[in-house]
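Trainee:
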Ligand code: NAP
Ligand code: HSE
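Numbering (our numbering), first residue to last: 26 to 451.
1) Could you tell me if residue 308 is buried or exposed, where buried requires 16 or more neighbouring beta carbons within 10 angstroms of its beta carbon?
2) As a quick exercise: from 313, 139, 48, pick the residue whose alpha carbon is nearest that of residue 117.
3) So, do the stretch 305-320 and the stretch 27-47 have three or more beta carbon pairs nearer to each other than 8 angstroms?
4) Going by Cα to Cα distance, which pick from 263, 369, 356 is closest to residue 439?
5) Pick helix, strand or coil for residue 447, following the three-state DSSP scheme.
6) Please name the residue in 268, 251, 57, 171 whose C-alpha comes closest to that of residue 178.
7) In the DSSP assignment, the beta strand (DSSP E) including residue 290 goes from what residue to what residue?
8) Determine the burial state of residue 291: buried for a count of at least 16 other Cβ atoms within 10 Å of its Cβ, exposed for fewer.
9) If I'm right that residue 156 touches residue 391 with Cβ under 8 angstroms, what's the distance once you round it to whole angstroms?
10) Quick check on residue 46: buried or exposed, where buried means 16 or more other Cβ atoms within 10 Å of its Cβ?
11) Taking its Cβ as the centre, do 16 or more other Cβ atoms sit within 10 Å of residue 259, making it buried, or is it exposed?
12) Beta-carbon separation of residue 282 and residue 335 under 9 angstroms?
13) The ligand HSE heavy atoms versus the CB of residue 49: any closer than 8 angstroms?
14) What whole-angstrom Cβ distance do residue 387 and residue 428 have, given they're in contact under 8 angstroms?
15) Excluding five sequence neighbours on each side, which residues of the same chain lie with their C-beta closer than 7 angstroms to the C-beta of residue 48?
16) Report the three-state DSSP secondary structure of residue 167 (helix, strand or coil).
17) Fully enclosed by the stretch 176-215, which beta strand (DSSP E) runs are 3 residues long or longer?
18) Are the stretch 292-301 and the stretch 232-251 in contact at 8 angstroms, needing three or more beta carbon pairs?
19) State yes or no: is the C-beta of residue 179 nearer than 8 angstroms to some heavy atom of the ligand HSE?
20) Got a sec: does the ligand NAP put a non-hydrogen atom nearer than 8 angstroms to the Cβ of residue 421?
21) Express the C-alpha separation of residue 192 and residue 150 in angstroms, rounding to a whole number.
22) With a floor of 4 residues, list each alpha helix (DSSP H) that falls wholly inside the stretch 206-275, ordered by position along the chain.
23) Between the beta-carbon of residue 202 and the beta-carbon of residue 271, is there less than 9 angstroms?
24) Since residue 393 and residue 413 are thought to touch, with beta carbons under 8 angstroms apart, how far apart are those beta carbons, to the nearest angstrom?
25) With H, G and I counted as helix, E and B as strand and the rest as coil, what does DSSP make of residue 302?
26) The ligand NAP and residue 119: does any heavy atom of the ligand fall closer than 8 angstroms to the residue's C-beta?
27) So which of 418, 415, 419, 381 has the shortest CA-CA distance to residue 401?
28) When the distance is taken between beta carbons, is residue 130 closer than 9 angstroms to residue 97?
29) Please report how far the alpha carbon of residue 211 lies from the alpha carbon of residue 293, in whole angstroms.
30) Here's the rule: buried if 16 or more other CB atoms are within 10 angstroms of the residue's CB, otherwise exposed. What is residue 449?
31) For residue 362, which of 411, 421, 385, 376 has the nearest alpha-carbon?
32) Going by beta carbon distance, what residues of the same chain come within less than 7 angstroms of residue 447, once the five residues before and after it are set aside?
33) Could you name the residues of the same chain whose beta carbon sits closer than 7 angstroms to that of residue 170, not counting the 5 residues immediately before and after it, in chain order?
34) For residue 400, list the residues DSSP reports as bridge partners.
35) By the 10 Å Cβ neighbour count, where 16 or more other Cβ atoms means buried, how is residue 398 classified, buried or exposed?
36) Give me the Cα-Cα distance between residue 126 and residue 339, rounded to the nearest whole angstrom.
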């Protein structure tokens, strides 16, 4: 099965990498061996690590008219000539996967119609919130829930800029330059900072959620480009953070979709979303609130959604994926004793000289390093609390056995795991 690419920049190169590196996993999951076919670019001389130069072309016909290309991945962006290319591919019965929100928010219905006419699929998960599978959730998991509101941080670049300005005191222009270097920003970053990119994503999400054709022109939008540092500081002093929000509501049966920078109370769930991450809060009477959070920009992150769309098309048209839930990659189940995390240990001890040293040396023998020690009380009533850096379950169990055996330790020590500080996800 060959896939052709229109565009090979930040996202396109990551797609090629993922398809090449993941060929075995993809074959196991889908039953198909995916091969990268022709790749359309503007400048064939530009360096593209991991991409076979023999596949590069500047002639769109090499992708669109190649009978061996079953699926076209569009990651070039823009409206013209992209719209024509996709209409051509769909009319020829080639399925299309695109990350192009500007195109979809203007011409989505026309492209979907062309797909239906051509007997092809049009998938666009990566067009909104990169790696977060929000479109799939709206189209499938929440199909029966009547969505009443979507509130989201849907642009990674602006969220990164606002986070860097607030947390690290970076200047606006420096934060934007860094977002461009990291591959988060659009080719024309005014799309990001002016709110157009977020408006396009909100148009796509609300079209699906409210079963209504919401065009980009229906979404009034403001960006962060006219925000003043003074207002960011004042917001913090008042207990808020400033976020660029997409806000869509079903109000008296009508759909309202807008994008604007807003003050979000620090305790609100959206206030904690930092860096290039995105979050979408979906509300409906039956499901109440569901929040999806994850990377909202970046080549590898977006490529994951693009390749998932390709696999989804294969599952729909070229064989069922139902068996995949039981697919066996042959990985062993990890022995519980070898699993790592950080730990909290509380114990009652006799407050005598050398107790802490004896306990510390037991943990040290098991390669468990102490991060914090707190002692309260004295005499036979002393309580000792230790927080330990990451170690294995087995070594913690052995250390606790040794601690229990000490004369100075009274009763049973209490051990809890500590989230977020251990290696391997502990
Ligand atoms: P990019 O780095 O600018 O890459 C664009 C690619 O398309 C380049 O390879 C460019 O060729 C090629 N291209 C552009 N116009 C062309 C034309 N007229 N003919 C032939 N080739 C053309 O952009 P990107 O960041 O990968 O984004 C691509 C798409 O994904 C956009 O629609 C963007 O909105 C979307 N997206 C991006 C992200 C992200 O985090 N970057 C996330 C989600 C969605 P050259 O290399 O020769 O210049
Ligand atoms: N420029 C976009 C962003 C890329 O920053 O969110 C992801 O669509």
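Beta carbons are placed, not taken as given, at the ideal position from N, Cα and C, and that holds for glycine.
Mentor: According to the structure data:
1) For the purposes of this step, residue 308 is taken as residue 283 along the chain shown, with counting starting at 1. When all chains shown are included, residue 308 counts as buried.
2) Taking the chain shown and counting its residues from 1, the one referred to as residue 117 is at position 92. Nearest option by C-alpha distance: 139.
3) no
4) Within the chain shown, numbered from 1, the residue matching residue 439 stands at position 414. With distances taken between Cα atoms, residue 439 lies closest to 369.
5) Position 422 of the chain shown, counted from the first residue, corresponds to residue 447. Confidence at residue 447 is low in this model, with a pLDDT of 47, below 50, so the placement of that residue is unreliable and no value is reported for it.
6) Here residue 178 corresponds to residue number 153 of the chain shown, with the count starting at 1. The option with the nearest alpha carbon to residue 178 is 268.
7) The sequence position of residue 290 within the chain shown is 265, counting from 1. From DSSP, the beta strand (DSSP E) with residue 290 extends over 279-290.
8) In the chain shown, residue 291 corresponds to position 266, counting from 1. So residue 291 counts as exposed.
9) As a working note, residue 156 is residue 131 in the chain shown. As a working note, residue 391 is residue 366 in the chain shown. At roughly 38 angstroms, the Cβ-Cβ gap does not stay under 8 angstroms, so residue 156 and residue 391 are not in contact.
10) On the chain shown, residue 46 is found 21 positions in, with the first residue counted as 1. Exposed: under 16 other Cβ atoms inside 10 Å.
11) Translated into positions along the chain shown, residue 259 becomes position 234. Label assigned to residue 259: exposed.
12) By 1-based counting over the chain shown, the position of residue 282 is 257. By 1-based counting over the chain shown, the position of residue 335 is 310. Contact flag unset, no.
13) As a first step, residue 49 is located in the chain shown; it is residue number 24 there, counting from the start. No, Cβ of residue 49 sits at least 8 angstroms from all heavy atoms of the ligand HSE.
14) Mapped onto the chain shown, residue 387 falls at position 362. Mapped onto the chain shown, residue 428 falls at position 403. Right, the Cβ-Cβ distance comes to about 6 angstroms (below 8 angstroms), so this counts as a contact.
15) For this step, residue 48 is matched to residue 23 along the chain shown. Excluding residues within five positions, the ones whose Cβ falls inside 7 angstroms are 58, 59.
16) Taking the first residue of the chain shown as 1, we reach residue 167 at position 142. Residue 167 falls in the coil class under three-state DSSP.
17) List check, beta strand (DSSP E) in window: nothing returned.
18) no
19) Stepping through the chain shown from its first residue, residue 179 is reached at position 154. Yes, the ligand HSE has a heavy atom inside 8 angstroms of this Cβ.
20) Against the chain shown, residue 421 aligns to sequence position 396. In this structure, the C-beta of residue 421 stays at least 8 angstroms away from each heavy atom of the ligand NAP.
21) The sequence position of residue 150 within the chain shown is 125, counting from 1. The sequence position of residue 192 within the chain shown is 167, counting from 1. Computed Cα separation, rounded: 31 angstroms.
22) Taking only runs of at least 4 residues, the alpha helix (DSSP H) segments lying wholly in the stretch 206-275 are 215-218, 221-234, 254-262.
23) Translated into the one-based positions of the chain shown, residue 202 becomes position 177. Translated into the one-based positions of the chain shown, residue 271 becomes position 246. No. Outside cutoff.
24) Here residue 393 refers to the residue found at position 368 of the chain shown. Here residue 413 refers to the residue found at position 388 of the chain shown. Yes, residue 393 and residue 413 are in contact; Cβ-Cβ is about 5 angstroms, under 8 angstroms.
25) Against the chain shown, residue 302 aligns to sequence position 277. In the structure shown, residue 302 adopts extended strand secondary structure according to DSSP, grouped into three states.
26) Within the chain shown, residue 119 is the residue found at index 94, counting from 1. Not under cutoff, so the answer is no.
27) By 1-based counting over the chain shown, the position of residue 401 is 376. For residue 401, the closest C-alpha among the options 418, 415, 419, 381 is that of 381.
28) By 1-based counting over the chain shown, the position of residue 97 is 72. By 1-based counting over the chain shown, the position of residue 130 is 105. Not in contact: residue 97 and residue 130 (Cβ atoms no closer than 9 angstroms).
29) In the chain shown, the residue the question calls residue 211 occupies position 186. In the chain shown, the residue the question calls residue 293 occupies position 268. If you draw a straight line from the Cα of residue 211 to the Cα of residue 293, it comes to about 28 angstroms.
30) To locate residue 449, count along the chain shown from 1; it is residue 424. With a pLDDT of only 41 at residue 449, under 50, the local geometry of the prediction cannot be trusted, and the value read off the model is given with reservation. It is exposed - the Cβ of residue 449 has fewer than 16 other Cβ atoms within 10 Å.
31) Locating residue 362 in the chain shown gives position 337, counting from the first residue. Answer by Cα proximity: 421.
32) Start at 1 with the first residue of the chain shown, and residue 447 comes out as number 422. At residue 447 the pLDDT is 47, less than 50, meaning the model places this residue with poor confidence and gives no usable figure here.
33) Position 145 of the chain shown, counting from 1, holds the residue named residue 170. Closer than 7 angstroms at the Cβ level, and outside the excluded window around residue 170, lie 309, 311, 312.
34) Within the chain shown, numbered from 1, the residue matching residue 400 stands at position 375. In DSSP, residue 400 forms a bridge with 409.
35) As a working mapping, residue 398 is identified with position 373 in the chain shown. The residue is exposed, with fewer than 16 neighbouring Cβ atoms inside 10 Å.
36) Here residue 126 corresponds to residue number 101 of the chain shown, with the count starting at 1. Here residue 339 corresponds to residue number 314 of the chain shown, with the count starting at 1. In this structure, the straight-line span from the alpha carbon of residue 126 to that of residue 339 is close to 23 angstroms.
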